[in-house]
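Chemist: Sharing a structure here in structure tokens format.
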Amino acid sequence: MAASEGLPIDYWLRNNGFRKHPFQNTEAEGDPDLEEYFVEPDCFSDILGNACEPKSAVLFAPRGGGKTANRVIVDRWCRTGNKTGGNVFSIVYTDFDYLLASVVSTDGINYALSLNVHHHTAEIMKAAMVRLLELWLKNPRLCSKTTNAPFNVRSYVSHWLELYNERLEPNRVQQLFAIIQELPTAHIEVEKFPATPTQDFYALEILIRTMGLDAIYVLVDRVDEFIPAASDPNLGALFLAPLISHLPLMEHDGVAFKFFLPTEMSAALVSRHLLRPERLTVREVTWSNEELAEVLHARLQAFSNGKIPTLDAVSVPELRGEIDQALVRTAHGSPRNLVLLGATLFNVHTRLSQNSDFLITREELELTISQFNAQKEKEKSLQPRTVGFETRPTAVRRQV
Numbered sequence: 003m004a005a006s007e008g009l010p011i012d013y014w015l016r017n018n019g020f021r022k023h024p025f026q027n028t029e030a031e032g033d034p035d036l037e038e039y040f041v042e043p044d045c046f047s048d049i050l051g052n053a054c055e056p057k058s059a060v061l062f063a064p065r066g067g068g069k070t071a072n073r074v075i076v077d078r079w080c081r082t083g084n085k086t087g088g089n090v091f092s093i094v095y096t097d098f099d100y101l102l103a104s105v106v107s108t109d110g111i112n113y114a115l116s117l118n119v120h121h122h123t124a125e126i127m128k129a130a131m132v133r134l135l136e137l138w139l140k141n142p143r144l145c146s147k148t149t150n151a152p153f154n155v156r157s158y159v160s161h162w163l164e165l166y167n168e169r170l171e172p173n174r175v176q177q178l179f180a181i182i183q184e185l186p187t188a189h190i191e192v193e194k195f196p197a198t199p200t201q202d203f204y205a206l207e208i209l210i211r212t213m214g215l216d217a218i219y220v221l222v223d224r225v226d227e228f229i230p231a232a233s234d235p236n237l238g239a240l241f242l243a244p245l246i247s248h249l250p251l252m253e254h255d256g257v258a259f260k261f262f263l264p265t266e267m268s269a270a271l272v273s274r275h276l277l278r279p280e281r282l283t284v285r286e287v288t289w290s291n292e293e294l295a296e297v298l299h300a301r302l303q304a305f306s307n308g309k310i311p312t313l314d315a316v317s318v319p320e321l322r323g324e325i326d327q328a329l330v331r332t333a334h335g336s337p338r339n340l341v342l343l344g345a346t347l348f349n350v351h352t353r354l355s356q357n358s359d360f361l362i363t364r365e366e367l368e369l370t371i372s373q374f375n376a377q378k379e380k381e382k383s384l385q386p387r388t389v390g391f392e393t394r395p396t397a398v399r400r401q402v
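Numbering (this note's numbering), first residue to last: 3 to 402.
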């Protein structure tokens with residue numbers, strides 16, 4: 003193999019004891035290996051909470067600080083009962099496209115102010131229908147417990163399926179409809195259904211508890227990833243205001259809302275008195291250099307089956323004891339930056355490597371840091387593009 007051609011990165015990884023690229027994924031969503039290298043921030047247990055005493059919580063973190071990783075782990079542990087202290091029905095609320103479907107042009111503030119809590123709970127109920135189907139398919143025995151509900155479950159769920167089916171594929175709608183037909187018919191009949199989506203959500207909580215689960219967790223994330231909230235944390239705060247400031251919902255028995263929000267949104271929420279730290283658990287993630295080093299080492303060990311504890315193992319002798327800290331310092335407290343640095347380092351090394359031992363050199367480390375810093379400076383120079391919008395009236399049934 004000619005030195006000038008560089009090294010195929012898969013070849014280099016295999017020959018240095020890695021089973022997969024430790025820096026390939028920068029996004030936690032859908033990463034099957036996340037639990038193997040996840041490092042809990044100090045406040046994680048406060049956010050996870052206890053299913054038997056559910057409490058709503060807000061986790062603030064800078065972009066790239068691990069918001070989504072924390073949310074994904076909370077969701078997975080809710081589904082497995084790992085460390086939650088009970089059985090949790092988790093609902094992931096990260097898709098806001100349905101609320102944004104009525105956008106037509108230019109006034110983001112008016113749009114945000116036109117929302118109320120029922121818009122949010124209607125979307126949460128749509129996500130809940132997907133999760134309810136998953137739960138019943140996985141645990142059919144839970145269906146038999148619905149007889150103990152204080153309402154006719156077959157009627158209620160049929161009604162919900164009619165109202166909140168937008169996130170279900172057509173074949174999934176048919177699956178859920180078939181399950182509903184087999185549900186035991188409770189002796190209690192109702193004259194009318196709840197008047198609002200929020201009351202539907204309260205009824206869902208009763209159903210979940212009837213089936214033997216301890217709590218509902220609603221996991222709210224990615225608020226800073228849609229326009230215009232992506233470039234304006236104030237609009238993100240206004241968008242969330244009807245939900246996060248609705249204390250009866252935040253403190254409802256058997257329910258906990260878990261918000262994973264960018265640090266930039268904190269001031270906007272607090273200054274508008276939309277966030278009540280004395281009523282909700284509020285925590286902020288910060289990463290020390292020591293903690294970031296733990297993140298780095300966890301990734302290396304997870305993707306090498308414990309063979310590569312630090313980058314010393316794949317570096318020339320003169321870098322040993324130095325290379326890990328150089329990357330950690332350059333990451334400036336950001337796990338995402340650290341992963342991007344690692345990916346850049348491996349790419350630079352396999353492109354430029356000219357030593358027979360295939361070890362990372364000081365020149366490659368310095369070039370990695372230089373390229374990373376240049377990219378960050380370029381990003382800083384780009385002015386965020388603010389995109390406003392306005393809405394036509396959005397139909398929300400039974401609005402009160």
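Using N, Cα and C, we set each Cβ at its ideal position, and we do this for glycine too.
I need the straight-line Cα distance from ALA269 to GLU286, nearest angstrom please.
Modeler: Cα to Cα, the separation comes out at about 12 Å.
Chemist: Would you kindly report the start and end of the unbroken alpha helix (DSSP H) that includes TYR204?
Modeler: Here the alpha helix (DSSP H) through TYR204 covers 199-212.
Chemist: What ranges does the beta strand (DSSP E) occupy inside the segment 57-129, keeping only unbroken runs of at least 3 residues that lie completely in it?
Modeler: Correct list: 59-63, 90-95.
Chemist: Going by the beta-carbon positions, is the gap between ILE246 and LEU206 smaller than 9 Å?
Modeler: It is not a contact, given that the beta carbons lie outside the stated cut-off.
Chemist: Please classify PRO43: does DSSP put it in a helix, a strand, or coil?
Modeler: Three-state result, PRO43: coil.
Chemist: Please work out which residues of its chain come closer than 6 Å, Cβ to Cβ, to PHE91, disregarding the five sequence neighbours upstream and downstream, and give them in chain order.
Modeler: Closer than 6 Å at Cβ, skipping near neighbours: ILE210, LEU215, ILE218.
Chemist: How big is the Cα-Cα spacing for THR149 and LEU185?
Modeler: Their backbone Cα atoms lie some 8 Å apart in a straight line.
Chemist: Tell me, please, which residues DSSP counts as bridged to LEU263.
Modeler: In DSSP, LEU263 forms a bridge with PHE62.
Chemist: Where does the unbroken beta strand (DSSP E) through TYR219 begin, and where does it stop?
Modeler: It spans 217-222 - the beta strand (DSSP E) in which TYR219 sits, taken as one unbroken run.
Chemist: Express the C-alpha separation of ARG65 and LEU340 in angstroms, rounding to a whole number.
Modeler: Straight-line Cα distance between these residues: approximately 13 Å.
Chemist: Would you report the Cα separation of ASN118 and PHE259, rounded to the nearest angstrom?
Modeler: The straight-line gap from Cα to Cα measures roughly 17 Å.
Chemist: Starting from the C-beta of ALA4, find all residues in its chain whose C-beta is less than 7 Å away, skip the five residues before and the five after it, and write them out in chain order.
Modeler: Since pLDDT at ALA4 reaches only 43, below the 50 mark, its modelled position is unreliable, and the value read off the structure follows with that caveat. Cβ neighbours of ALA4 beyond the five flanking positions: none.
Chemist: Can you give, in chain order, each stretch of the alpha helix (DSSP H) that sits fully within the segment 338-384 and has at least 4 residues?
Modeler: Runs found: 364-383.
Chemist: Would you mind stating whether GLU296 and VAL41 have Cβ atoms separated by less than 9 Å?
Modeler: Yes, the Cβ-Cβ distance between GLU296 and VAL41 is below 9 Å.
Chemist: Please report the straight-line C-alpha distance between GLU171 and ALA300, rounded to a whole angstrom.
Modeler: Cα to Cα, GLU171 sits roughly 38 Å from ALA300.
Chemist: Do ARG78 and ASN72 have their beta-carbon atoms positioned less than 9 Å apart in this structure?
Modeler: No, these two residues do not count as a Cβ contact at 9 Å.
Chemist: CA-CA distance, ASN17 and ASN307?
Modeler: Near 14 Å, if we compare the C-alpha coordinates of ASN307 and ASN17.
Chemist: Determine which residues share a DSSP beta bridge with VAL257 and list them.
Modeler: DSSP lists ILE218 as partners of VAL257.
Chemist: Excluding sequence positions up to five away, which residues of its chain have a Cβ less than 7 Å from the Cβ of PRO196?
Modeler: Result list for PRO196: ASP202, ALA205, in chain order.
Chemist: If you draw a straight line from the C-alpha of ALA129 to the C-alpha of GLU136, how long is it?
Modeler: Cα to Cα, ALA129 sits roughly 11 Å from GLU136.
Chemist: Determine contact between the segment 220-235 and the segment 17-29, defined as no fewer than three beta-carbon pairs at a distance below 8 Å.
Modeler: Result no; under three Cβ-Cβ pairs closer than 8 Å.
Chemist: Which two residues bound the contiguous beta strand (DSSP E) that contains THR283?
Modeler: Unbroken beta strand (DSSP E) run through THR283: 283-286.
Chemist: Do GLY68 and PRO34 have their CB atoms nearer than 9 Å?
Modeler: Not closer than 9 Å, so no.
Chemist: Within 10 angstroms of the Cβ of ASN236, are there 16 or more other Cβ atoms? Answer buried if so, exposed if not.
Modeler: Buried is the call here.
Chemist: Less than 6 Å between C-beta atoms, sequence neighbours within five positions excluded: which residues of the same chain meet that for ILE181?
Modeler: TRP138.
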